[in-house]
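Taking full-length UniProt numbering, the leading residue of the sequence shown gets 636, the next gets one more, and so forth.
Even for Gly, the Cβ is constructed at its ideal location relative to N, Cα and C.
Predicted model, so just to flag it, every value in this text is computed and none were measured.
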Amino acid sequence: AKSRGRGRFEFFDVALRTRMQRRLRMEQDLRDAVHSGQLWPAYQPVVDLHTGDMVAVEALLRWTHPKHGPISPAEFIPLAEESELINVLGKFVLNDTTRELAALRSARGLDLSLKVNLSVRQLDDPHLVPAVRDALATTGLPANALTLEVTESALMRDTSAAAEVLTALRSLGVLLAIDDFGTGYSSLAQLRTLTLDTLKIDRSFITGIADSHDAAAIVASIIAMAHAVGLTVVAEGVETEKELILLRELECDQAQGYHLGRPSAAAELFR
Ligand code: C2E
Ligand code: CA
Ligand code: CA
Ligand code: CA
636 AKSRGRGRFE
646 FFDVALRTRM
656 QRRLRMEQDL
666 RDAVHSGQLW
676 PAYQPVVDLH
686 TGDMVAVEAL
696 LRWTHPKHGP
706 ISPAEFIPLA
716 EESELINVLG
726 KFVLNDTTRE
736 LAALRSARGL
746 DLSLKVNLSV
756 RQLDDPHLVP
766 AVRDALATTG
776 LPANALTLEV
786 TESALMRDTS
796 AAAEVLTALR
806 SLGVLLAIDD
816 FGTGYSSLAQ
826 LRTLTLDTLK
836 IDRSFITGIA
846 DSHDAAAIVA
856 SIIAMAHAVG
866 LTVVAEGVET
876 EKELILLREL
886 ECDQAQGYHL
896 GRPSAAAELF
906 R
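Below is the structure:
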């Protein structure tokens with residue numbers, strides 16, 4: 636029994652070491668990926684529910700690993716968030732997508748807005764505000780054509796530094812969105828103190844609205860509440876026509892989801 640116990644210890648030790656080594660290797664790979672073209676932004680259409688037009692695209696970062704193929708941002712973004720690497724990735728996304736969108740807008744005469752995700756850690760980066768200002772100045776993308784999406788949990792961290800950064804971003808003229816709304820614990824009162832433009836209802840609230848009166852009632856009340864404080868409302872994760880029709884009835888402003896368009900490379904989306 637004793638030797639078996641020891642063997643098991645060694646097994647766990649090896650498993651743990653392997654896991655840690657894989658993490659370290661992935662982090663190093665990710666550092667290299669930024670400079671070798673393995674990272675690229677996919678764009679998902681955002682549709683205006685009043686007109687049916689695509690009015691914006693959300694940039695969603697993709698990593699095509701040379702050996703392991705596509706790796707999900709759900710995996711590599713949290714890894715990047717463990718270090719300052721997220722600031723490097725964030726800056727890359729900002730520069731690359733503003734350049735791409737500005738070029739598309741002028742080449743096609745499109746009035747298309749851009750939505751970019753920001754990590755909570757980027758709000759603590761003193762270079763964030765100048766980086767956003769520079770990206771706009773360099774590309775000529777109008778500030779009001781850029782929305783920065785920050786998750787509800789990131790916004791609810793009670794730090795005055797983050798609040799200051801949000802104010803500074805807003806004074807550049809960019810718009811701010813609260814992402815994954817409903818997954819945190821913010822109250823209407825807290826929402827009012829933040830100067831936001833858009834509220835994005837988390838996908839978990841949209842799934843099932845067509846089949847459940849209760850689920851639809853919750854979404855209806857989120858929309859009413861957001862409108863009451865002057866926010867534009869976006870529904871994410873719209874996967875069916877029924878959901879789309881219902882959201883329109885509930886006077887939701889914008890929607891995105893697989894039913895309206897999957898995230899794709901710019902060349903594919905705008906061919
Ligand atoms: P998110 O910002 O909430 O983005 C929405 C996610 O839902 C995306 O996953 C998108 O592909 C997916 N999605 C869109 N429509 C549907 C649908 O109809 N059904 C379902 N089941 N899913 C849908 P993705 O691209 O895997 O990104 C995951 C998360 O990674 C994002 O969640 C965001 O938090 C983060 N992320 C992605 N790109 C960036 C980035 O450039 N910077 C930062 N900081 N985070 C990013
Ligand atoms: Ca988002
Ligand atoms: Ca979301
Ligand atoms: Ca999310």
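Please report the residue range of the beta strand (DSSP E) in which residue i lies.
i: G725; result: Run containing G725: none in the beta strand (DSSP E); it sits in the alpha helix (DSSP H), L720 to R743.
i: V682; result: L674 to D683
i: V873; result: Segment: none, V873 is in no beta strand (DSSP E) and carries neither H nor E.
i: F905; result: No beta strand (DSSP E) contains F905, which DSSP labels as neither H nor E.
Just list the residues that DSSP pairs residue i with in beta bridges.
i: N752; result: E784
i: H700; result: G704
i: E693; result: Q679 and K750
i: S899; result: Y678
i: T833; result: A812 and T867
i: A890; result: V682 and A870
Measure how close the beta-carbons of residue i and residue j come, nearest whole angstrom, since I'm counting them as under 8 Å.
i: V869; j: T833; result: 6 Å
i: T782; j: L804; result: At roughly 11 Å, the Cβ-Cβ gap does not stay under 8 Å, so T782 and L804 are not in contact.
i: G892; j: E871; result: 6 Å
i: W698; j: A900; result: So it is not a contact: roughly 13 Å between Cβ atoms.
i: V800; j: L826; result: With a Cβ gap of about 18 Å, V800 and L826 do not count as contacting.
i: D759; j: A796; result: 6 Å
Which first and last residues belong to the alpha helix (DSSP H) in which residue i is found?
i: R838; result: R838 to I841
i: T774; result: L763 to T774
i: L882; result: E876 to E884
i: D849; result: H848 to A863
Between the options, which has its C-alpha nearest residue i's C-alpha?
i: T818; options: R805, V800 and M791; result: M791
i: L749; options: V728, L895, G843 and G672; result: V728
i: L776; options: Q889, S788 and R734; result: R734
i: F905; options: A677, L665, L659 and H670; result: A677
i: L745; options: L758, M689, M661 and Q891; result: M689
i: V798; options: L807, T830, A770 and A845; result: Residue identity check: residue 798 is Ala in the sequence provided, not Val. That would be T830, whose Cα lies nearest to the Cα of A798.
i: L882; options: E693, V864, A859 and A902; result: A859
i: N730; options: T786, I721, L714 and V767; result: V767
i: L879; options: D760, A845, I712 and A900; result: A845
i: V681; options: Q889, E662, H700 and D769; result: Q889
i: A770; options: A737, L747, P761 and S741; result: A737
i: H685; options: R897, H894 and E886; result: E886
So is the beta-carbon of residue i under 7 Å away from any non-hydrogen atom of ligand 5?
i: P898; result: Inclusion of ligand 5 in the displayed structure is not the case, the ligand content consisting of ligand 1, ligand 2, ligand 3 and ligand 4 alone.
Problem - Any residue whose CB is nearer than 6 Å to a heavy atom belonging to ligand 2, listed in chain order - result: By the rule of a C-beta closer than 6 Å to any heavy atom of ligand 2, the residues picked out are E693, N752, E784 and D814.
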